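Residues in the sequence shown are numbered from 609 upward in steps of one, following my numbering. The beta-carbon is built from N, C-alpha and C at its ideal position, and this holds for glycine as well. Predicted, not measured: the structure shown is a model, and the values here were computed from it. Since the structure comes first, as structure tokens, the remarks are kept for the end.
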Amino acid sequence: MTWKGLYPILSLSKTVSQKGISLTKKAMKQVESRLQRNPLFPKWDILIQPL
Numbered sequence: 609m610t611w612k613g614l615y616p617i618l619s620l621s622k623t624v625s626q627k628g629i630s631l632t633k634k635a636m637k638q639v640e641s642r643l644q645r646n647p648l649f650p651k652w653d654i655l656i657q658p659l
């Protein structure tokens, strides 16, 4: 699979996450600062910038 000539970087996580855990407002702001939403499709087209 490629997109614009780039291959995705994948890794398998074998850890099980607990349900119902949410981020604090401070942690969520850090995550949201890395998101770039497309103005035409803000719910579906999101670019996540690496750290």
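Element boundaries [beta strand (DSSP E), containing residue i]
i, result
"Q626", "That residue, Q626, is in no beta strand (DSSP E); it is neither H nor E in DSSP."
"L643", "643 to 645"
Residue span of the alpha helix (DSSP H) that contains residue i, given as start and end
i, result
"Q657", "Segment: none, Q657 is in no alpha helix (DSSP H) and carries neither H nor E."
"K637", "633 to 640"
Whole-angstrom C-beta distance between residue j and residue i, which should lie under 8 Å
i, j, result
"L631", "V639", "7 Å"
"R642", "Q626", "Not confirmed; about 23 Å, so no contact."
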